[in-house]
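Written below as C-alpha cells is the structure these notes are about.
In the numbering used here, the protein residues as written are 319 to 644.
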C-alpha cells in the first residue's frame, strides 16, 4: 500500500469541497471495502476524506417513510426495533451479510458503494476490464462459478455482492446525494449500473458526490417478508443466489408484491415481470412456480455457473413460499 494523506471533513459541504479539490481522492467511512482494495493495490488514492464526523448517522421515522443516514452502521440499522417491525426485509438482509465485525464497521452508504467484483478484479496479474478498462474479462472462458446470469456483457460478468442493496431495491428506496452541483435524489433501482462497455462504473454517482441518506416508503410487507440467501458456507460468504420477497396478502390473495435477487447480476436485480404476474393471484405452489419460471426465462450461464439458473428458480419458489406462510 502506498502512502496517502487523510483529511477530516466536518460538514457534508466541506467533504464535497475537499474531494472536489483533489484529482485522486476518495471518501472513507468504515473502510471495509476501500481499505481492502488499497491493501491489494487495486486502488491507490493519494488522499482520503474522512467523513465519520458528519451528522449522517440518524434513523428517522417520518410521515409514511423512514430516512436512514448514510453513515448509520449496518448493525445499527439491522437491530433497530422499528426497522425490524416495519421493514423486516431490510433487517433480515443486513443480518445475512458479511460477519458481525464487518457489520459493526460498515456504513449504509459504504455498503452501497462497494465495488462489484470477482477474483479476477483482485488479481492484478489477470485481465479485468473493471480494474483496467479494455484489458479483457478473465472470467469469460475462465473460472465463473459465482458470476452473473442476468445483464452481463462481453466486458464483465461479475455480480454485485451486497445483501442490503437487494432489500433496498425490493423496497423502492430512494438515494439522496450531495455534490458540487447541489443535491439530488436517485431511485435505488437506477443507482447501480449494468456493465455494458464501461464496467469500471459501478453506479451513477458523479465522481465528487456524497451519499447523505436513503429513504424507504411505508409498505404493507412487514408481516410477509423473507430474505433467502444461498451460499457455500453459513458465515461470511457472498450469495450464490439470494431472493428478497415482500408480500401484501389479503385472504390468501396477493394484493401487492416486491421481488429482487442478488448474486445474479452486476447490480441488484429487480423481478418486475414476476411481480406483475403475481399481483391478483392466489397463493399456491403452481403460481409461485410460474412466477419463478418467468423471472428466470432470460437467464444465461457461462459454463461453471449454469447451475444458478435452476438454483434461482428454486430459490424464488422457496422464498415466496416462506414469506406467504408467516
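Even glycine gets a Cβ: it sits at the ideal position worked out from N, Cα and C.
Boundaries of the alpha helix (DSSP H) in which residue i is found, first to last residue
{"i": "residue 412", "result": "406-414"}
{"i": "residue 363", "result": "Residue 363 -> no alpha helix (DSSP H), and no H or E assigned at all."}
{"i": "residue 485", "result": "482-488"}
{"i": "residue 611", "result": "603-613"}
{"i": "residue 595", "result": "590-596"}
{"i": "residue 397", "result": "392-397"}
{"i": "residue 426", "result": "426-431"}
{"i": "residue 439", "result": "437-440"}
Own chain, CB closer than 7 angstroms to residue i, minus 5 neighbours either side, in chain order
{"i": "residue 414", "result": "481, 545 and 547"}
{"i": "residue 522", "result": "504, 508, 509 and 511"}
{"i": "residue 621", "result": "462"}
{"i": "residue 646", "result": "Since the first and last residues shown for the chain are 319 and 644, residue 646 lies out of range."}
{"i": "residue 358", "result": "440"}
{"i": "residue 600", "result": "570 and 571"}
{"i": "residue 453", "result": "445, 446 and 447"}
Bridge partners - residue i, DSSP secondary structure assignment
{"i": "residue 508", "result": "In the DSSP output, where bridge partners are listed per residue, residue 508 has none listed."}
{"i": "residue 538", "result": "DSSP lists no partner for residue 538."}
{"i": "residue 464", "result": "Bridge partners of residue 464: none, in fact."}
{"i": "residue 565", "result": "542 and 575"}
{"i": "residue 471", "result": "Paired residues: none, contrary to the question."}
{"i": "residue 524", "result": "The partner list for residue 524 (beta bridge, DSSP) is empty, contrary to what the question assumes."}
{"i": "residue 384", "result": "379 and 534"}
{"i": "residue 560", "result": "547 and 580"}
{"i": "residue 477", "result": "435"}
{"i": "residue 529", "result": "495"}
{"i": "residue 516", "result": "DSSP, once it has assigned bridges, lists no residue as partnering residue 516."}
{"i": "residue 502", "result": "495"}
Nearest-angstrom beta carbon gap, residue j and residue i [assumed within contact, 8 angstroms]
{"i": "residue 334", "j": "residue 526", "result": "6 angstroms"}
{"i": "residue 259", "j": "residue 439", "result": "Coverage of the chain is limited to positions 319 through 644, which leaves residue 259 absent and any answer about it impossible."}
{"i": "residue 612", "j": "residue 595", "result": "6 angstroms"}
{"i": "residue 532", "j": "residue 641", "result": "With 8 angstroms as the limit, residue 532 and residue 641 do not qualify as a contact, their Cβ atoms being about 23 angstroms apart."}
{"i": "residue 447", "j": "residue 518", "result": "7 angstroms"}
{"i": "residue 404", "j": "residue 487", "result": "At roughly 18 angstroms, the Cβ-Cβ gap does not stay under 8 angstroms, so residue 404 and residue 487 are not in contact."}
{"i": "residue 402", "j": "residue 535", "result": "18 angstroms between Cβ atoms; not a contact."}
{"i": "residue 565", "j": "residue 542", "result": "4 angstroms"}
{"i": "residue 390", "j": "residue 369", "result": "Residue 390 to residue 369, Cβ: 13 angstroms. No contact."}
{"i": "residue 485", "j": "residue 425", "result": "16 angstroms between Cβ atoms; not a contact."}
{"i": "residue 371", "j": "residue 328", "result": "6 angstroms"}
{"i": "residue 558", "j": "residue 581", "result": "6 angstroms"}
{"i": "residue 520", "j": "residue 639", "result": "Not confirmed; about 33 angstroms, so no contact."}
{"i": "residue 423", "j": "residue 483", "result": "Residue 423 to residue 483, Cβ: 17 angstroms. No contact."}
Neighbourhood of residue i by C-beta, 6 angstroms cutoff - its chain only, sequence neighbours within 5 removed
{"i": "residue 561", "result": "546, 579, 633, 634 and 637"}
{"i": "residue 479", "result": "556"}
{"i": "residue 323", "result": "365"}
{"i": "residue 428", "result": "347 and 348"}
{"i": "residue 384", "result": "534"}
Residue i: first and last residue of the uninterrupted beta strand (DSSP E) it sits in
{"i": "residue 422", "result": "That residue, residue 422, is in no beta strand (DSSP E); its alpha helix (DSSP H) goes 418-423."}
{"i": "residue 319", "result": "Run containing residue 319: none; DSSP gives neither H nor E here."}
{"i": "residue 634", "result": "Here residue 634 belongs to no beta strand (DSSP E); instead the alpha helix (DSSP H) covers 625-642."}
{"i": "residue 334", "result": "Here residue 334 belongs to no beta strand (DSSP E); instead the alpha helix (DSSP H) covers 330-339."}
{"i": "residue 345", "result": "343-346"}
{"i": "residue 494", "result": "492-497"}
Exposure of residue i, with buried meaning 16 or more beta-carbon neighbours within 10 Å
{"i": "residue 631", "result": "buried"}
{"i": "residue 419", "result": "exposed"}
{"i": "residue 614", "result": "buried"}
{"i": "residue 515", "result": "exposed"}
{"i": "residue 319", "result": "exposed"}
{"i": "residue 603", "result": "exposed"}
{"i": "residue 585", "result": "buried"}
{"i": "residue 537", "result": "buried"}
Close-in-space but distant-in-sequence residues of the same chain around residue i (CB under 8 angstroms, 5 per side omitted)
{"i": "residue 361", "result": "344, 352 and 355"}
{"i": "residue 583", "result": "466, 467, 468, 469, 470, 477, 478 and 512"}
{"i": "residue 553", "result": "417"}
{"i": "residue 495", "result": "501, 502, 503, 504, 523, 527, 528, 529 and 530"}
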